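In the UniProt record's numbering, the protein residues as written are 1 to 304.
The following block contains the structure:
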């Protein structure tokens, strides 16, 4: 039967990328750790790691299991805390790096819940572009990042965990002809004037999307403002593909903007955590990670 010890050993190997480094972190022998991983894989019936000369990397099933493993430990830790001590006894400081889109549409609820749970932990937030936030994470100048994970570059130095998958939808003005279609495809969108959001590397994500579809969109306007996109679409000046996390049905234009799924667009905008791999974290970081993993954010289901 699967044990918490096995789960902790699995996370250690996943975060360090090798048995030897994980054994040092967990203060156990390599043979014991190897056996624990083998038994875990046997218990659940899937291979969690790809073994190679330079270490171990997670399989697709391994990535799926890693998220569940974190949730299991977070639940156990929360249960222990509720019995052992009040969260207001936890003190310290956590420095969080965020990118602009995440700061505008994701961060407030997360920080509010964390501050309520841990009122004596001081939160410092730094907002900047993804490359600089990534640099600060690798150098250890900030503790944890909350950002879009798609474009991370130094994945060997950073441990990441997806918190929410935000599907994309097409924003259209009221009474647009595409609203009459039973289903909308990217080829339909490519024929329309497109308003492109360029904040937080959304332009890079869009280029990747259109390139994979083999289509060339008619981009007529580019802006770094989500609110500008909202207003321009509402005014009938174009359509736009946006992640659900930015949709606001209660906004000024919310009742005159329609959001529809795109049948052949399965790509999601993945928002998650990033922290430096293989180093000891400040004591206040783990409570933040635990609260973030409990995040009941709309990205796990459509926000419309």
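No residue lacks a Cβ here, since even glycine has one placed at the ideal position from N, Cα and C. Here the structure is a predicted model, which means the values were calculated and not measured.
Could you pull out every residue in the same chain whose Cβ sits closer than 6 Å to the Cβ of residue 54, ignoring the five residues on either side in sequence?
-> none
Measure the alpha-carbon distance for residue 42 versus residue 161 and round it to whole angstroms.
-> 24 Å
Taking residue 270 as the reference, give the member of 111, 65, 77, 151 with the closest Cα.
-> 151
Identity of the residue in 113, 103, 107, 279 nearest residue 129 by Cα = 103
Within the chosen definition, does the region 277 to 296 reach the region 256 to 267 through at least 3 CB pairs nearer than 8 Å?
-> no
Given a cut-off of 7 Å, decide if residue 224 and residue 77 are closer than it, judged by their beta-carbon atoms.
-> no
Assign residue 68 to one of two classes, buried (16 or more other C-beta atoms within 10 Å of its C-beta) or exposed (fewer than that).
-> exposed
For residue 243, does the count of other Cβ atoms within 10 angstroms reach 16, so buried, or fall short, so exposed?
-> buried
What number of angstroms, rounded off, separates the C-alpha of residue 20 from the C-alpha of residue 12?
-> 10 Å
Would residue 316 be called buried (16 or more neighbouring beta carbons within 10 Å of its own) or exposed?
-> The structure shown does not extend to residue 316, since the chain is modelled only from 1 through 304, so no value can be given for it.
So residue 176 is in the beta strand (DSSP E); what residue range does that whole segment cover?
-> From DSSP, residue 176 is part of no beta strand (DSSP E); its letter is neither H nor E.
Residue 257 - partner residues in DSSP beta bridges | 173
Own chain, CB closer than 8 Å to residue 8, minus 5 neighbours either side, in chain order | 26, 73
Segment limits, alpha helix (DSSP H) that includes residue 264 | No alpha helix (DSSP H) contains residue 264, which DSSP labels as neither H nor E.
Return the chain-ordered list of same chain residues with a C-beta closer than 6 Å to the C-beta of residue 122, the five sequence neighbours on each side being excluded.
-> 93
With residue 96 and residue 116 assumed to form a contact (beta carbons below 8 Å), what rounded beta-carbon distance in angstroms separates them?
-> Rounded, the Cβ-Cβ distance is 16 Å, inconsistent with contact.
Sheet register partners of residue 275 (DSSP bridge) | 159
Can you have a look at residue 101 and say buried or exposed, based on whether 16 or more other CB atoms are within 10 angstroms of its CB?
-> buried
Can you name the start and end residues of the beta strand (DSSP E) that residue 127 belongs to?
-> 121 to 127
Please go through the same chain and pick out, in chain order, the residues whose beta-carbon is closer than 6 Å to the beta-carbon of residue 219, but skip the five residues on each side of it.
-> 194, 196
When burial is assigned at 16 or more other CB atoms within 10 Å of the CB, is residue 51 buried or exposed?
-> exposed
Which residue comes first and which comes last in the beta strand (DSSP E) that contains residue 104?
-> First-last for residue 104: 100 to 105, but that is the alpha helix (DSSP H), not the beta strand (DSSP E).
Is there contact between the region 230 to 237 and the region 133 to 148, where contact requires at least three CB pairs shorter than 8 Å?
-> no
My understanding is that residue 33 touches residue 22, with C-beta atoms under 8 Å, so please give their C-beta distance in whole angstroms.
-> 6 Å
Have a look at 287, 209, 240, 284 and flag the residue whose alpha-carbon is nearest the alpha-carbon of residue 267.
-> 209
State yes or no: is the C-beta of residue 147 within less than 7 Å of the C-beta of residue 99?
-> yes
Taking the beta strand (DSSP E) that residue 197 falls in, what are its first and last residues?
-> 193 to 197
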